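Quick note: the sequence shown, position 96, residue 95 per numbering that gives the first Met the number 0, numbers continuous.
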Amino acid sequence: MLPSLTGCFPQYFMFLFLMLIAEVAVAIVTLVYREQFLVGLQTRLSHQLNEKYGRNSVDNQLFTESVDLAQYKFNCCGISGDSDYNATKWRLDGQGSNGSRNVPLTCCTLANLDVRTI
0 MLPSLTGCFP QYFMFLFLML IAEVAVAIVT LVYREQFLVG LQTRLSHQLN
50 EKYGRNSVDN QLFTESVDLA QYKFNCCGIS GDSDYNATKW RLDGQGSNGS
100 RNVPLTCCTL ANLDVRTI
């Protein structure tokens with residue numbers, strides 16, 4: 000081995016060891032706080048669905064398109080189910096095709112009776 004490189008090996012292995020410790024720590028924190036994160040996520044998504052879905056603005060359009068894509072790809076409806084749309088401004092303001100629809104066209108309940116949640 001080259002004498003100039005032997006001094007780098009302990010530092011290299013120490014760096015790898017620290018990276019391993021950091022990964023283990025992140026995994027433990029993720030496992031411990033998983034439920035809190037998921038509950039908070041569902042609450043935030045439900046709030047966003049009520050406030051932003053189907054509303055006219057660039058930010059809201061991106062959210063609407065994301066929800067529509069998720070519903071189409073994952074064959075689901077809403078965050079917890081199709082009843083999530085009952086309290087949305089989209090439905091209450093009658094923007095869902097002049098108020099005649101309770102759920103968007105991308106919602107699987109229109110085509111599939113086996114509804115799943117996200």
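Idealized CB from N, CA, C, for every residue including glycine.
Quick caveat: nothing in here was measured; it's all calculated off a predicted structure.
Inter-residue Cα distance where the pair is residue i and residue j
i	j	result
residue 35	residue 28	11 Å
residue 13	residue 6	12 Å
residue 103	residue 75	11 Å
residue 31	residue 25	10 Å
residue 54	residue 84	13 Å
residue 81	residue 87	11 Å
residue 16	residue 47	41 Å
residue 11	residue 40	39 Å
residue 65	residue 93	21 Å
residue 38	residue 18	30 Å
C-beta atoms of residue i and residue j nearer than 8 Å
i	j	result
residue 78	residue 45	yes
residue 105	residue 60	no
residue 62	residue 51	yes
Residue i, enclosing alpha helix (DSSP H) - first and last residue
i	result
residue 39	33-51
Coarse secondary structure for residue i, derived from DSSP in three states
i	result
residue 92	coil
residue 101	coil
residue 106	coil
residue 59	helix
residue 29	helix
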